[in-house]
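Below is one structure, written out as structure tokens; the observations come after it.
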Amino acid sequence: MDCNSDDLDKQNETEAQVDVPQDTQWIVLAFLPGRVVVKLRSVCKFWRDCIEEPSFVDCHLNNACRLYQSIACFTSLDDGLVHVYTFDPATMNFRSVELVFSNRFHMSGPCNGLVCAYDINGDAEVLNPTTRKHLRLPDSILKSRSLCSEYFVGFVHSTKEYKVVSVRHCVQFLAFEICTIGKLSWRTIRESAELLKATKAVTVNGSMYWLLLNEASSGFSREILMLNLTEETFTKIVIPDAVRKHDLELFEGEGKLLLLSNHYDTSSGSIVSDIWMVASTHQDWVHLHTVTPRMPVGMSPFFQLKTKIFFGNQNRLLCVDLQDCTVSYINMRSGETLISCGMFVESFAPAVTDLVSSTASSYENSSGIREPSSADPGPSFRGAGSSSKGRGKSSGFTGWSSDDLELSFKRTKRTMEMVWKISKHRAS
889 MDCNSDDLDK
899 QNETEAQVDV
909 PQDTQWIVLA
919 FLPGRVVVKL
929 RSVCKFWRDC
939 IEEPSFVDCH
949 LNNACRLYQS
959 IACFTSLDDG
969 LVHVYTFDPA
979 TMNFRSVELV
989 FSNRFHMSGP
999 CNGLVCAYDI
1009 NGDAEVLNPT
1019 TRKHLRLPDS
1029 ILKSRSLCSE
1039 YFVGFVHSTK
1049 EYKVVSVRHC
1059 VQFLAFEICT
1069 IGKLSWRTIR
1079 ESAELLKATK
1089 AVTVNGSMYW
1099 LLLNEASSGF
1109 SREILMLNLT
1119 EETFTKIVIP
1129 DAVRKHDLEL
1139 FEGEGKLLLL
1149 SNHYDTSSGS
1159 IVSDIWMVAS
1169 THQDWVHLHT
1179 VTPRMPVGMS
1189 PFFQLKTKIF
1199 FGNQNRLLCV
1209 DLQDCTVSYI
1219 NMRSGETLIS
1229 CGMFVESFAP
1239 AVTDLVSSTA
1249 SSYENSSGIR
1259 EPSSADPGPS
1269 FRGAGSSSKG
1279 RGKSSGFTGW
1289 SSDDLELSFK
1299 RTKRTMEMVW
1309 KISKHRAS
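Printed below as a string of structure tokens:
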């Protein structure tokens, strides 16, 4: 009797699982963290197909932005690969470290879970660290004429499009180009012989901003260049007169464009950092905070999260809490260089068919790396091959050998947690 009862319970449980409406399954999946959904793709075809649907990608992204945001810190390794460390934004506790397969030594800030990695030759690719997929961007006709290039990813809310902006520094002019993900062609939207250089772009609510340099003095001018990603048009914003002679940097904070102004204060005899915010009309500026002491040389602001402002250079990530006036920091590990930092979500963006698995295109079979099938699409790469055929051989366009990959796997596996340290100095 008991055996029959147990069998009946198992049968009912199985039927209950089978009879869950697909709409309900869809909703549940949309509320799970991205890395969990990636692991569940092998459960059934419906779950695997879900993350390819644009409606699911959008819904999951909206939920992730509300529930699962992380602070992400990208570091390049000596062997050319990239680590991404994530931290809980509420507690600042370490969450995870993952290996990102890219040999590009420069990286844009994250945008809805996407980053753009690029090198000094102007080659670039859009990466999704969660899905482990990437998209190689096409070459521009200006590539051979540019001395160097910088790339930035932005999102257009009205059209749900992701756009990559390239700033190409040519000999006698500066060129801005846009490539819409899914269309894969570059459009030149601005060329100017008057602008010698632009600083790193700051992306805020569908617009990108650059501080411009003055041609005569090679110092910062009183203007900020704004690119509207929807209209693909440019506007100039005037910097407030009170800070026009100061050392300036732009950064994002809580969906606002912020300006950091460093200057010498004669009354205190020290360097003071002021933070300004531009109004939505881009006409007026409001002074928000004064932060001391001055950040170490080479420290640039990444972003502001509530009362915390994150700064960094190649060797250190630093956090200033404006509320309790404490300064905490994390030193990069030996052999690692900080290349990017920002708010990050585990998403399945973009909902286009051009993204390909990093295992499929970056690592050829000669490398000995087993490519995961549709039944094994887990979030971590598996099985650096042990066959002699792959030893020491190049693994695709990246040029890595299977030995390189094995060492990188082991290095990531033994990487300990990154813990914030409190500085003896306190901001005031």
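In terms of our numbering, the sequence shown opens at residue 889 and continues consecutively.
The beta-carbon is built from N, C-alpha and C at its ideal position, and this holds for glycine as well.
*Check the DSSP bridge columns for residue 1074 and list the partner residues they point to.*
1067
*Who are the near neighbours of residue 1000 in its chain, counting only those whose CB is closer than 7 Å to its CB and skipping five residues on each side?*
949, 1043, 1233, 1235 and 1237
_Contact the segment 1126-1140 vs the segment 1058-1076: 3+ CB pairs below 8 Å_ = no
*By a C-beta neighbour count over all protein chains shown, 10 Å radius and 16 as the cutoff for buried, is residue 1272 buried or exposed?*
Residue confidence for residue 1272 is low, a pLDDT of 27 falling below 50, so the modelled location carries little weight and cannot support an answer.
*residue 939 by DSSP, collapsed to three states: which one?*
coil
*Is residue 843 near residue 1113, with beta carbons less than 8 Å apart?*
Nothing about residue 843 can be read from this structure; the chain reaches only from 889 to 1316.
*Using a Cβ-Cβ cut-off of 8 Å (strictly less than) and excluding sequence neighbours within five positions of residue 907, which residues of its own chain qualify?*
none
*For residue 1223, the first and last residue of its enclosing alpha helix (DSSP H)*: Note, residue 1223: premise wrong, no alpha helix (DSSP H); not H, not E.
_Proximal residues to residue 1144 (C-beta, below 6 Å), its chain only, five neighbours per side dropped_ = 1165
*asked:* Using C-beta distances below 7 Å, list every residue in its chain close to residue 1175, excluding the 5 sequence neighbours before and after it, in chain order.
replied: 1162 and 1164
_Within the segment 902-983, ranges of the beta strand (DSSP E) (whole runs, at least 3 residues)_ = 958-965 and 970-975
*Could you give the uninterrupted runs of the beta strand (DSSP E) lying entirely in the segment 1158-1230, keeping only those of 3 residues or more?*
1158-1166, 1173-1179, 1188-1193, 1196-1200, 1204-1209 and 1214-1219
_Across the segment 1085-1094 and the segment 1011-1027, are there enough close Cβ pairs to call them in contact, namely three or more that are closer than 8 Å?_
no
*Take residue 1096 as the anchor and find which of 1076, 938, 1124 and 1080 has the nearest alpha-carbon.*
1124
*With a threshold of 16 other CB atoms inside 10 Å of the CB of residue 1072, please say whether the residue is buried or exposed.*
exposed
*Can you give me the start and stop residues for the beta strand (DSSP E) that residue 1125 sits inside?*
1121-1126
*With a 10 Å radius around its C-beta and 16 neighbouring C-beta atoms as the bar for buried, classify residue 1038 as buried or exposed.*
buried
*How would you call residue 1115, buried or exposed, if buried means at least 16 neighbouring beta carbons within 10 angstroms?*
buried
*May I have the straight-line CA-CA distance separating residue 1127 from residue 973, to the nearest angstrom?*
35 Å
_Rounded to the nearest angstrom, what separates residue 1200 and residue 1147 at their Cα positions?_
16 Å
*Sequence-distant residues of its chain with Cβ nearer than 8 Å to residue 1142 (five each side left out)*: 1192, 1193 and 1194
*Going by C-alpha distance, which of 1010, 1047 and 1118 is nearest residue 1058?*
1010
*Under 8 Å by Cβ, that's how I've got residue 1401 and residue 924 pegged, so tell me the actual separation to the nearest angstrom.*
The requested residue 1401 is not part of the displayed model; the chain covers only 889 to 1316.
*Pick from 1151, 1121, 1154 and 920 that is closest to residue 1079, judged by C-alpha positions*: 1121
*For residue 1006, does the count of other Cβ atoms within 10 angstroms reach 16, so buried, or fall short, so exposed?*
buried
*Given a threshold of 16 other Cβ atoms within 10 Å of its Cβ, counted over all protein chains shown, does residue 961 qualify as buried or as exposed?*
buried
*Starting from residue 1145, follow the beta strand (DSSP E) in both directions and report where the run begins and ends.*
1144-1153
*asked:* Buried or exposed for residue 975, going by 16 or more other Cβ atoms inside 10 Å?
replied: buried
*Smallest Cα separation from residue 1020: which of 1052, 971 and 1032?*
971
*asked:* Which residues does DSSP list as the beta-bridge partners of residue 1034?
replied: 1058
*Go ahead and label residue 1154 buried or exposed: buried means 16 or more other beta carbons lie within 10 angstroms of its beta carbon, across all protein chains shown.*
exposed
*Hey, would you say residue 1052 sits closer than 8 Å to residue 1004, going by beta carbons?*
yes
*Given a threshold of 16 other Cβ atoms within 10 Å of its Cβ, counted over all protein chains shown, does residue 909 qualify as buried or as exposed?*
exposed
_Beta-bridge pairing of residue 1029 - partner residues as DSSP gives them_ = BP columns for residue 1029 are empty, so no partner.
*Cβ-Cβ distance between residue 1226 and residue 963 below 8 Å*: yes
*May I have the straight-line CA-CA distance separating residue 931 from residue 947, to the nearest angstrom?*
21 Å
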